[in-house]
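Under UniProt numbering, the first residue of the sequence shown carries the number 1, and numbering increases by one thereafter. Note that CB positions come from ideal geometry on N, CA and C, so glycine has one too. Quick notes on the structure that follows.
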Amino acid sequence: MSDKAERSTEGSDSELAPSRLGTQEYWDSNYVRELSNFSADGDEGEVWFGATSSDEILDWIARHMPSPMATPTRVTFSHATGSTEPAKTAGVGRESIQILDGKSFFSLSPRDCTSLSAEELSIYISTTVGCGNGQLLFLLAQGGYPVESLAGIDYSQSSIELCVQISQAKGIQGLRLEVRDILRDPIVPPRRDGQRQGWDLITDKGTFDAICLSDQTIDGQRLAQIYPLKIRDLLVKPGGIFLITSCNWTEEELMAKFVTPQTGFTFHSKIPRATFSFAGSTGSTITTIAFQAGVPGSSTTTAAS
């Protein structure tokens, strides 16, 4: 989202005024247009929050959840240099869109990875909610993360169709892509040995921002109030990480919304960014925070300065 959303003049001061950016019609239209552009000239669409933000997110993932298939010291993802190589498989078609039933997913709770074997590291799971044009998923796949451990969910059919077409062009086969509304549709987390496991990492790059701009409700609750609990349900197992990037909410506001007794989330870490001061307040244009699903014996912690 390129513009900061306006605060609502009614109700809670922590709500945003409804906007067309909070409607499915807007996003369907957006991805229909991006589909047309991609078919015409190969334009993959907008990189939300910019390429630098994506690189910072990918560097965070590489540090905290490294892949054994990537460079063992430090993984660098760069849009400018084009240094990442495409996967060596090809032929992703419509039949590649699979229900997220977890049949081929395995999981491992995030922790310090320096002592883990390559075999253990290879079973990390990541899903992107509101995957858009799939940019983050493709970069993870090109950076050495096994495609069978990556999944994308979006409520826009056009978004998923765009992801499939870009996958074909890049020769990336095996990504799990599904048209799902995370707030309304049942989404079955991954299983291992028949047991419900959940994802190790869920990423959100602008999805919560868009949800907060919706005027819709479910059972009298605004969608933004429901979303944190839905994310909790998807992570399921203790230790899972939710990595969110927002341009509409400050670090303190995101902490207040996601670190609650209901979610059981705790602050894990954040991506440092340049800050500015205005009217006695300090903030940044983009905020990225990692929250961790409840771990026995842990307590709610605040962000380090």
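So, for residue i: in the same chain, excluding its five sequence neighbours on each side, which residues have a beta-carbon less than 8 Å away from its beta-carbon?
i	result
Asp181	Tyr155
Asp214	It is worth fixing the name first, because residue 214 is Ser in this sequence and not Asp. Around Ser214: Pro18, Gly22, Thr23, Arg222, Leu223 and Ala224.
Ser115	Bear in mind that the predicted position of Ser115 carries a pLDDT of just 32, short of 50, making it unreliable; the figure below should be weighed with that in mind. Answer for Ser115: no residue qualifies.
Trp60	Leu243, Ser269, Ile271, Thr288 and Ala290
Cys113	Here Cys113 scores only 30 on pLDDT, less than 50, and its place in the model is too uncertain to base an answer on.
Thr217	Leu223
Gln165	Leu35, Phe38 and Ser39
To which residues does DSSP link residue i through a beta bridge?
i	result
Phe267	Phe291
Leu21	Leu21 pairs with nothing; no bridge assigned.
Leu243	Thr203 and Ala290
Grab me the residues of residue i's own chain with a C-beta within less than 6 Å of its C-beta, minus the 5 sequence neighbours each way, in chain order.
i	result
Val32	Ser158
Trp27	Ser156
Leu243	Thr203 and Ala290
Ser126	Leu150 and Leu201
Gly45	Glu34 and Asn133
Asp43	Asn37
Asp219	none
Asp41	none
Within the continuous alpha helix (DSSP H) that includes residue i, where are the two ends?
i	result
Asp204	No alpha helix (DSSP H) holds Asp204; the beta strand (DSSP E) holding it covers Leu201 to Lys205.
Thr52	Gly50 to His64
Ala256	Glu251 to Phe258
Does the distance between the C-beta of residue i and the nearest non-hydrogen atom of the ligand FMN fall short of 8 Å?
i	result
Gln135	What this structure holds is no ligand at all, so the ligand FMN is not there to describe.
When you compare each of the options to residue i by their alpha carbons, which one comes out closest?
i	options	result
Glu253	Gly144, Asp233 and Cys212	Cys212
Ile202	Ala210, Gly264, Trp48 and Leu137	Leu137
Glu25	Val188, Ala40 and Ala210	Ala210
Ile286	Ile226, Thr260, Ala141 and Trp249	Trp249
Val188	Ile231, Asp219 and Ile226	Ile231
Lys170	Arg184, Arg176 and Ala141	Ala141
Ile226	Arg176, Leu162 and Asp185	Asp185
Gly239	Gln292, Gln165 and Arg176	Gln292
Phe49	Ile241, Asp219, Lys237 and Cys247	Cys247
Ile241	Gly220, Glu251, Gly198 and Lys257	Gly198
Gln135	Asp233, Leu58 and Ala62	Leu58
Val47	Lys257, Leu139, Asp219 and Leu234	Leu139
Asp233	Leu175, Gly264 and Asp219	Gly264
So the beta strand (DSSP E) residue i belongs to, where does it begin and stop?
i	result
Glu178	Arg176 to Val179
Val129	Ser126 to Val129
Spatial neighbours of residue i within its chain, please: CB distance less than 7 Å, with the 5 preceding and 5 following residues excluded, ordered by chain position.
i	result
Val129	Ile153, Ile182, Ile202, Asp204 and Thr207
Ser53	Thr245 and Ile286
Gln262	Leu229
Cys131	Leu137, Gly152, Ile153, Asp154, Ser159 and Cys163
Glu251	Lys270, Thr287, Ile289 and Ala303
Arg20	Tyr26
Glu161	Leu35
Val235	In the sequence as presented, Val is not what sits at residue 235; that position holds Leu. Cβ neighbours of Leu235 beyond the five flanking positions: Gly198, Trp199, Ile202, Phe242 and Ala293.
Ser29	none
Completely contained beta strand (DSSP E) runs for the segment 138-170, where each covers 3 or more residues
150-154
Where are the alpha helix (DSSP H) runs, 4 residues long or more, that stay fully inside the segment 203-241, in chain order?
207-211 and 223-235
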